[in-house]
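Residue numbers (the UniProt record's numbering), protein chains in the order written: chain A, 1 to 335; chain B, 1 to 335.
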């Protein structure tokens, strides 16, 4: 199934079923008013949703054109957002460029930070941020949405709890990140609201592209209309099963919890990067200094995971513009 | 006003108004089915809640005895949970004992981590954890619940957004914490579900004990029936206004967001501590090694902030037992 969320005046929006070709949609109906509600009542509502999705694809229902510009994030708020850094190529590049102390257990225990999950941005929403001096960056990622996961579950069991796969942009402020890392308390100001592609899909919709607990697709990233990278999701060093199990080590996960892959990153330089920070560390390694600046207000970023050789991908497109936040003053001393 | 939440089969529970003496309660009524709903519609519902609270205290309404054992956390789920470490006495002790690298800007920028907010524990709920080897610890804290806070607001404006004050136990697993700090990604496995005292109060309920953006009360902490500490909340090095503004630096906060003080800690050794880790670092500093172990299964912890010289405090009591989680297996390699 493919789902999107129509932005309305509620916190959770209105759940839509989207046709396989992303051209048509219908309201999911009273059984599942929102995606969060559907995830919390999955066993009860899934058969009716499947039947309605089949009828939509068969053209047997009166449907509307699907307009991603009307969409919020598939989950406008989630119970929890835990983002990994599961492409170790990225971590190795960062360590090499900055000559930082080794991260403990980097190869065996996933890196993961806790993000805010109450205020996700839709695929075409402007991104309000306070200052260009914060070093605005994007991070193209894949993610999964899980059902209930018990505390202490193993990776295989965790992988079976995946209900949906998503594509996202983990907005990052690089001026805050290193300071927050040195405190040991992790990212907070460095991670403003995360954005999501309009369509969340059940794993079966990905066919062979959902394999080994990884999204086996290229993620195309364009910055101001120019190709920035198209790394492939299959090079994840940990699977989503590993990441979910890591998050559930000392807590149960409630339905709708989101787990992210971290920025998609490939060993081949030809793949480019899914975030500016990575291109800059490659420049530092290759040429001794970073040459690429961070984003400016009015800059745009576009991200789309694509089927090999085909047109549109399964998740639709993130296409956003960075804007200056209305209330950009701040009384806190600069770091 | 004083609020509690009756545990039921919904995610948000049923909102109760609790009498000033914590003896009686009534349902808040259809205007405010849950505390989260009330916070999201505060301007509309506050006058009716105030009138109902006044009638409850005047004995003018049919009420029930207040039973904290029936209570969930005041907010069983919140949109966001950001916990500071605003008592620098604690940070200085930890740094002295472990001789760690200096934390950047420690005296001027609050430490704060992002916690999970979807699965808070009530004041008498058992605390399921996977292993005693994880080094189970409590952290007695105060916290605030805010209304909407715009991105980039200053501390004074942020303080005015405080709707409620709470008392909490930020459960911590010390075997995970240092490793997660060294990764720079911050706490995740080290912070299982947080617990809350039954009663959330509007700041006016605290009278002079809400002053300077701090809770001016002692927090009494007992471990297995023995006094462990009674540090005073007034020694916070940053105010709650500072902490809220820090959290809102690059994001807006949605109504119901929780901001914590970090473990309450005083310079006077006579105050004791509100967490085991701090007692252990004092033992390391004074005697060269830690003498106190961490918690064992079936251990109990009790926390209550008290009015000076009087009986019960404003928030009621946290009194919990640690138990082994049902599904304590874990396939992740040990750190």
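Virtual Cβ for every residue (Gly too), placed ideally from N, Cα, C. What you are looking at is a predicted structure, and each value in this text was computed from that prediction instead of being measured.
Closer than 8 Å to chain A by CB, residue 194 of chain B: Here residue 194 of chain B is taken as the residue at index 194 of the second chain, counted from 1. So, not an interface residue.
Residue-level contact to chain B via CB, residue 8 of chain A, 8 Å cutoff: Against the first chain, residue 8 of chain A aligns to sequence position 8. Not an interface residue.
Close Cβ partners of residue 284 of chain B (< 6 Å) along its chain, the five nearest in sequence each way excluded: Taking the first residue of the second chain as 1, we reach residue 284 of chain B at position 284. Cβ within range, chain order: 97 and 290.
Expected contact under 8 Å - CB spacing of residue 170 of chain B and residue 141 of chain B to nearest Å: The residue labelled residue 170 of chain B in the question sits at position 170 within the second chain. The residue labelled residue 141 of chain B in the question sits at position 141 within the second chain. Sure, about 5 Å apart at Cβ, within 8 Å.
Continuous beta strand (DSSP E) stretch holding residue 26 of chain A: start and end: As a first step, residue 26 of chain A must be located in the first chain, where it is residue number 26. From DSSP, the beta strand (DSSP E) with residue 26 of chain A extends over 24 to 27.
Own chain, CB closer than 7 Å to residue 306 of chain B, minus 5 neighbours either side, in chain order: On the second chain, residue 306 of chain B is found 306 positions in, with the first residue counted as 1. The residues are 217, 218, 220 and 313.
Residue 103 of chain A - DSSP class collapsed to helix/strand/coil: Residue numbering aside, residue 103 of chain A sits at position 103 when the first chain is read from its first letter. Three-state DSSP puts residue 103 of chain A in coil, outside helix and strand.
DSSP beta-bridge partners of residue 318 of chain B: One-based indexing of the second chain puts residue 318 of chain B at position 318. Beta-bridge pairing links residue 318 of chain B to B:303.
Beta-carbon contacts of residue 134 of chain B that lie in its chain and below 7 Å, excluding the five residues immediately before and after: Taking the second chain and counting its residues from 1, one reaches residue 134 of chain B at position 134. Excluding sequence neighbours, residue 134 of chain B sits near 173, 175 and 176.
Within 8 Å, strictly: CB atoms of residue 202 of chain B and residue 163 of chain B: Taking the second chain and counting its residues from 1, the one referred to as residue 202 of chain B is at position 202. Taking the second chain and counting its residues from 1, the one referred to as residue 163 of chain B is at position 163. Their beta carbons are under 8 Å apart, which means residue 202 of chain B touches residue 163 of chain B by this criterion.
Simplified DSSP assignment, three categories, for residue 208 of chain B: Residue 208 of chain B sits at position 208 when you count from the first residue of the second chain. Helix at residue 208 of chain B.
Within chain B, partners of residue 82 of chain A - CB distance below 9 Å: Position 82 of the first chain, counting from 1, holds the residue named residue 82 of chain A. The answer, in chain order, is 116 and 188.
Three-way DSSP call (helix, strand, coil) for residue 20 of chain A in this model: Residue 20 of chain A sits at position 20 when you count from the first residue of the first chain. If DSSP states are grouped into helix, strand and coil, residue 20 of chain A belongs with coil.
C-beta neighbour in chain B for residue 128 of chain A, strict 8 Å: Start at 1 with the first residue of the first chain, and residue 128 of chain A comes out as number 128. Interface residue, yes.
First through last residue of the beta strand (DSSP E) which encompasses residue 77 of chain A: Within the first chain, numbered from 1, the residue matching residue 77 of chain A stands at position 77. Residue 77 of chain A -> no beta strand (DSSP E), and no H or E assigned at all.
Per-residue contacts from residue 111 of chain B into chain A (C-beta, under 8 Å): Taking the first residue of the second chain as position 1, residue 111 of chain B is located at position 111. Going along chain A in sequence order, the residues near residue 111 of chain B (Cβ under 8 Å) are 183 and 185.
Touch test, the segment 153 to 163 of chain A against the segment 121 to 130 of chain A, Cβ-Cβ under 8 Å, three pairs minimum: no
Three-way DSSP call (helix, strand, coil) for residue 308 of chain B in this model: Position 308 of the second chain holds residue 308 of chain B. It is coil, neither helix nor strand.
Beta bridge counterpart(s) of residue 81 of chain B as assigned by DSSP: As a working mapping, residue 81 of chain B is identified with position 81 in the second chain. BP columns for residue 81 of chain B point to B:115 and B:258.
Cα-Cα separation, residue 325 of chain A to residue 244 of chain B: Within the first chain, residue 325 of chain A is the residue found at index 325, counting from 1. Within the second chain, residue 244 of chain B is the residue found at index 244, counting from 1. The alpha-carbon atoms of residue 325 of chain A and residue 244 of chain B are separated by roughly 18 Å.
Test: residue 163 of chain B CB closer than 8 Å to a CB of chain C: Within the model displayed, chain C is absent; protein chains A and B are what it includes.
Where residue 103 of chain A meets chain B, residues with beta-carbon distance less than 9 Å: Your numbering for residue 103 of chain A matches position 103 in the first chain. Per Cβ cutoff of 9 Å: 182, 183, 184 and 185.
Contact set between residue 79 of chain B and chain A, taken where Cβ atoms lie within less than 7 Å: Locating residue 79 of chain B in the second chain gives position 79, counting from the first residue. The answer, in chain order, is 77 and 118.
Residue-level contact to chain A via CB, residue 12 of chain B, 8 Å cutoff: As a first step, residue 12 of chain B is located in the second chain; it is residue number 12 there, counting from the start. Not closer than 8 Å to any Cβ of chain A, the Cβ of residue 12 of chain B fails to qualify, so no.
Reduced DSSP category for residue 143 of chain A - H, G, I as helix; E, B as strand; rest coil: Translated into positions along the first chain, residue 143 of chain A becomes position 143. Note: residue 143 of chain A maps to strand in three-state DSSP.
Neighbour flag for residue 135 of chain A against chain B, beta carbons, 8 Å: Translated into positions along the first chain, residue 135 of chain A becomes position 135. Taking Cβ atoms only, chain B never reaches closer than 8 Å to residue 135 of chain A, which makes this a no.
Distance between residue 178 of chain B and residue 104 of chain A (C-alpha atoms, nearest Å): Position 104 of the first chain, counting from 1, holds the residue named residue 104 of chain A. Position 178 of the second chain, counting from 1, holds the residue named residue 178 of chain B. Going from the Cα of residue 104 of chain A to the Cα of residue 178 of chain B covers about 10 Å.
Length of the line joining the Cα atoms of residue 272 of chain A and residue 233 of chain A: As a first step, residue 272 of chain A is located in the first chain; it is residue number 272 there, counting from the start. As a first step, residue 233 of chain A is located in the first chain; it is residue number 233 there, counting from the start. C-alpha separation (whole angstroms): 13 Å.
Buried/exposed call for residue 90 of chain B, threshold 16 Cβ in 10 Å: On the second chain, position 90 is the one that residue 90 of chain B refers to. With 16 or more Cβ atoms within 10 Å of its Cβ, residue 90 of chain B is classed as buried.
Minimum Cβ-Cβ distance from residue 287 of chain B to chain A less than 8 Å: Locating residue 287 of chain B in the second chain gives position 287, counting from the first residue. For residue 287 of chain B, the answer is no, since every Cβ of chain A falls outside 8 Å of its Cβ.
Residues that residue 223 of chain B bridges to, as DSSP identifies them: Your numbering for residue 223 of chain B matches position 223 in the second chain. The partner list for residue 223 of chain B (beta bridge, DSSP) reads B:226 and B:301.
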